[in-house]
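Engineer: Numbering-wise (UniProt numbering), the sequence shown opens with residue 1 and increments by one.
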Amino acid sequence: MRNRLLAVSILGISFIIGSILFGLFFYESRQPQKTIRVVGLATRRFDSDIIKWRVTLARSVGQTELKKGYGEIESDRNGFVAFLKAHGIDTGDITIQPVNTNPVYSQNGGLVSGYSIQQNLFILSDDVGTVEKLALEPSTLVDKGIFLQSSNLEYYYSKLDMLKRSLLAAATGDAKKRAAEIAKSTGDRIAKIASAHSGVFQITEPYSTEVMDYGVYNTAGRTKDITVTVNVVFNLH
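Right, here's the structure in full:
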């Protein structure tokens, strides 16, 4: 009888202790998780390693001189390509697009008085220095009788995806440092990341304040700044 009472007592005490522990666990699980939301920032400067040179060759001829105009454009194109090859530009880096011909109308009666003939070419090369120098010194082409109606340079970076991944990691690290400082001031410590969301990349000329919701990719300059923000929520304990 005494053993039975002892067993019942032990069972009752165990049940009470278990109920208390479950109650504490249930209470803790119902408590809202303390979190902190911060924005991390990372910026890096880099130099482009790909250059694109867009060129338009143009000739204007009279109404009966269309064939002559085509011959002049062909001569300009061949001379321009030879000029590029002479300066070490590979043929595979040169893209030649079809000739465009547009009628030119006289002011009296709207009759066709001649034609404007254009041909677009572009050079895509990793020899940034050479292409840039050729584009910025057009006098050599003028001496050869080759006239460019338009000339435009664009700069790109072949390792951009790798740079973006590195920048996201840096921005997340910056967010962690900011969160740790804020949490420390309130007596808390940061734990795991609860959520993270990256903003769009802004690729601009150095020291630019240009920012757009959908991102920026400035191709006008050889040297660029790339910036990204990361919105991170950390759990606290």
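Ideal placement from N, C-alpha and C gives every residue a C-beta, glycine not left out.
Using the DSSP secondary-structure output, state which residues sit across from Leu236 in a beta bridge.
Structural biologist: Answer is Ile190.
Engineer: Roughly how many angstroms lie between the CA atoms of Val228 and Ile193, to the nearest whole one?
Structural biologist: When rounded, the distance between both Cα atoms is 19 Å.
Engineer: When you compare each of Ser195, Ile89, Leu163 to Ile35 by their alpha carbons, which one comes out closest?
Structural biologist: It is Thr, not Ile, that sits at residue 35 in the sequence shown. Here the closest residue by C-alpha is Ser195.
Engineer: What do you reckon, are the CB atoms on Asp49 and Tyr156 nearer than 9 Å?
Structural biologist: Result yes, Cβ atoms of Asp49 and Tyr156 sit closer than 9 Å.
Engineer: Among the residues of its own chain, which have a CB less than 6 Å from the CB of Ser106, if the five just before and after it don't count?
Structural biologist: Correct list, in chain order: Ser113.
Engineer: Any idea which residues DSSP pairs Gln118 with across the strands?
Structural biologist: DSSP lists Ala58, Asn100 as partners of Gln118.
Engineer: What's the gap between the Cα of Ala191 and the Cα of Ala183?
Structural biologist: Ala191 and Ala183: Cα-Cα distance of roughly 10 Å.
Engineer: So what's Tyr27 in DSSP terms, helix, strand or just coil?
Structural biologist: Caution is warranted here: a pLDDT of 42 is assigned to Tyr27, below 50, making its placement in the model unreliable, and no coordinate value can be reported.
Engineer: Can you give me the C-alpha to C-alpha distance between Phe122 and Glu74, rounded to a whole angstrom?
Structural biologist: Each residue's Cα considered, the two are about 16 Å apart.
Engineer: Kindly provide the ranges of any alpha helix (DSSP H) runs that are 4 or more residues long and lie completely inside the stretch 34 to 99, ordered along the chain.
Structural biologist: DSSP runs (the alpha helix (DSSP H)) wholly in the stretch 34 to 99: 66 to 86.
Engineer: Please work out which residues of its chain come closer than 6 Å, Cβ to Cβ, to Arg54, disregarding the five sequence neighbours upstream and downstream, and give them in chain order.
Structural biologist: Only Phe122, Asn152 meet the Cβ criterion.
Engineer: How big is the Cα-Cα spacing for Leu124 and Asp93?
Structural biologist: Cα to Cα, Leu124 sits roughly 5 Å from Asp93.
Engineer: Which of the three DSSP states, helix, strand or coil, is assigned to Ser185?
Structural biologist: Reduced to three states, the DSSP call for Ser185 is helix.
Engineer: Between Glu210 and Thr219, which are expected to be in contact by the criterion C-beta below 8 Å, what is the C-beta distance as a whole number of angstroms?
Structural biologist: 13 Å between Cβ atoms; not a contact.
Engineer: Out of Ala58, Val99, Asn235, Lys67, which one is the CA nearest neighbour of Gly145?
Structural biologist: Comparing Cα positions, the closest option is Ala58.
Engineer: Helix, strand or coil for Ser139? Go by DSSP, reduced to three states.
Structural biologist: The answer is helix: DSSP assigns Ser139 an H, G or I state.
Engineer: Which partner residues of Gln202 appear in the DSSP bridge assignment?
Structural biologist: Bridge partners of Gln202: Val216, Thr227.
Engineer: Contact between the stretch 40 to 49 and the stretch 160 to 176: three or more CB pairs below 8 Å?
Structural biologist: Touching, yes, given that three or more Cβ pairs across the two stretches are closer than 8 Å.
Engineer: Just confirm the distance between the C-beta atoms of Ile117 and Val104, as a whole number of angstroms; I'd bet it's less than 8 Å.
Structural biologist: So it is not a contact: roughly 10 Å between Cβ atoms.
Engineer: Within 10 angstroms of the Cβ of Gln119, are there 16 or more other Cβ atoms? Answer buried if so, exposed if not.
Structural biologist: Counting Cβ neighbours within 10 Å, Gln119 comes out buried, since at least 16 surround it.
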